[in-house]
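Have a look at the structure below, then the notes.
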Amino acid sequence: MSKRKNSSKVRVHFRKNRGEKTRQTDLTRDFHRETFREDDTIREERISGKGALIRQRTVRMEDAALAVGEDCRCGQVVRVHGLNTLVEDVESGQYFRCATRRLLKTLATEERHVVVAGDLVQFRPAGSLPEEESLGKQPDFAGMEHLPEGMIERVEPRYGCLCRTSRKRQHILVSNVDQLLIVTSLFQPGVKWNLIDRMIIMAEKMEIEPVICLNKVDLGDPLPWVPTLGVYARMGYAIHLVSAVTGFGIERLRQRLQQKGVRSVVAGQSGVGKSSILNAVEPGLDLKTSHVSEMNEKGRHTTTTAQLIKLSEGGYVADTPGIRQFELWDIIQEEVPGYFREIAPLVSLCRFPDCTHIHEEGCAVREAVSLGQVDARRYESYCQIWDSCTSA
Numbered sequence: 061m062s063k064r065k066n067s068s069k070v071r072v073h074f075r076k077n078r079g080e081k082t083r084q085t086d087l088t089r090d091f092h093r094e095t096f097r098e099d100d101t102i103r104e105e106r107i108s109g110k111g112a113l114i115r116q117r118t119v120r121m122e123d124a125a126l127a128v129g130e131d132c133r134c135g136q137v138v139r140v141h142g143l144n145t146l147v148e149d150v151e152s153g154q155y156f157r158c159a160t161r162r163l164l165k166t167l168a169t170e171e172r173h174v175v176v177a178g179d180l181v182q183f184r185p186a187g188s189l190p191e192e193e194s195l196g197k198q199p200d201f202a203g204m205e206h207l208p209e210g211m212i213e214r215v216e217p218r219y220g221c222l223c224r225t226s227r228k229r230q231h232i233l234v235s236n237v238d239q240l241l242i243v244t245s246l247f248q249p250g251v252k253w254n255l256i257d258r259m260i261i262m263a264e265k266m267e268i269e270p271v272i273c274l275n276k277v278d279l280g281d282p283l284p285w286v287p288t289l290g291v292y293a294r295m296g297y298a299i300h301l302v303s304a305v306t307g308f309g310i311e312r313l314r315q316r317l318q319q320k321g322v323r324s325v326v327a328g329q330s331g332v333g334k335s336s337i338l339n340a341v342e343p344g345l346d347l348k349t350s351h352v353s354e355m356n357e358k359g360r361h362t363t364t365t366a367q368l369i370k371l372s373e374g375g376y377v378a379d380t381p382g383i384r385q386f387e388l389w390d391i392i393q394e395e396v397p398g399y400f401r402e403i404a405p406l407v408s409l410c411r412f413p414d415c416t417h418i419h420e421e422g423c424a425v426r427e428a429v430s431l432g433q434v435d436a437r438r439y440e441s442y443c444q445i446w447d448s449c450t451s452a
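The sequence shown maps to residues 61 to 452 in the numbering used here.
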């Protein structure tokens, strides 16, 4: 009685391929196989909107006070590798190799993956284990086989998700982060400003603080890029010029990342040196790195999956695979001007209330671009992003 009293029912949608078919489509096949029986045929068919494919199912969820007990523990997802998920116990620091409950996989969501790096979850360990068995350094892929097992029962609500659109679904790279370190490089490969602008927009939408990091300053003179970087600095974005090889600017970047209680994520295109920067920030990390191709000056995918790394001086940082395309998620054309800090104050000064700021006359944004008050390259980036988004 007490369990039913303290539990609540939640109605959720399940994926369409998890329901039973309302019709039998193998009648012709059975007829050719001479297994067709007239008495077994369906005499009538009910047409209703409450079929098995669209009907909501009822899931009984326990209260949080009951879920977090002796059996379930609170953990954070460190890395997802296929069907195995590396989970760190928040209280003891133990690592577990967990599987995901099938019920979570059948829920109808707009996300590609049920569990991602950075998630806070409730998991149930398989049996009692000694405290020293899974403590210590974060295990690699090979070391996950010897870890104690567990089952992820619930995923807590997320905040600060770095995501993009992939096959018309939400692809969350990392969740529960506070700041985004957008890494680019002067040379090998060059700077992709449009990719930086897209990541800034996604960070603004998810309420994540964006930070621009320009790596490989030892390969050339960064002076030509100072005016462009000054445009971002005047809008309030933090700028870091670093070199993972010589150590230039690493100490200043380390102070930003190693803040107690702050979760950061490092993102950027392949070959810009994301893993090299983390190796310089945290000595002894030994993340895999690779060289840039000399033929096309493009990086190679050395980091294959996102993983959460605990820093020695405090804070967490997530290393992500290289990004070549970053399509915005859940952003329409009418919202794009509001994510450009220099364009947003000028929207109300346009002649037409539904001005797109691209071809209309009497547009305050276009006038500001012609007068040099708005950077021309940023305006060009706005036009490209506006054209790639859908209208409301």
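We treat Cβ as the ideally placed atom computed from N, Cα and C, and that holds for glycine. Predicted model, so just to flag it, every value in this text is computed and none were measured.
The alpha carbon of PRO284 has as its nearest neighbour, out of HIS417, LEU246, ILE383, the alpha carbon of LEU246.
Judged by DSSP secondary structure, VAL429 falls within the alpha helix (DSSP H) whose first and last residues are 424-430. It is roughly 29 Å from the alpha-carbon of VAL181 to the alpha-carbon of GLN315. Residue burial is scored here from C-beta neighbours: VAL286 has fewer than 16 other C-beta atoms within 10 angstroms and is therefore classed as exposed. In the DSSP secondary-structure assignment, ASP149 is bridged to GLY135.
It is roughly 27 Å from the alpha-carbon of GLN230 to the alpha-carbon of PHE156. Scanning the segment 187-260 from its first residue to its last, the whole beta strand (DSSP E) runs of 3-plus residues come out as 209-215, 222-226, 229-234, 239-245. If you check the CB distance, GLY178 and LEU317 do not come in under 8 Å. Spanning the alpha carbons of LEU222 and ARG89 requires a straight line of approximately 49 Å. Non-local C-beta neighbours of GLN329 in its own chain, meaning closer than 8 Å and more than five positions away in sequence, comprise THR244, PRO249, LYS252, LEU255, GLY359, GLY382, ILE383, ARG384, ordered along the chain. SER372 sits in coil when the DSSP states are folded into three classes, being neither helix nor strand.
THR166 and ILE310 have their C-alpha atoms roughly 44 Å apart.
Boundaries of the beta strand (DSSP E) around TYR155: 155-160. The bridge partners DSSP lists for ASN275 are SER245.
Within its own chain, the residues whose Cβ lies closer than 6 Å to the Cβ of VAL291, once the five positions on either side in sequence are excluded, are ASP435, listed in chain order. In the structure shown, ARG323 adopts extended strand secondary structure according to DSSP, grouped into three states. By the Cβ-count criterion, HIS419 is exposed, with fewer than 16 other Cβ atoms from all chains shown falling within 10 Å of its own Cβ.
From the listed residues CYS158, LEU274, GLU427, the smallest Cα separation to CYS410 is found for GLU427. For PRO199, the closest alpha carbon among the candidates ILE392, LEU146, GLU151 is that of LEU146.
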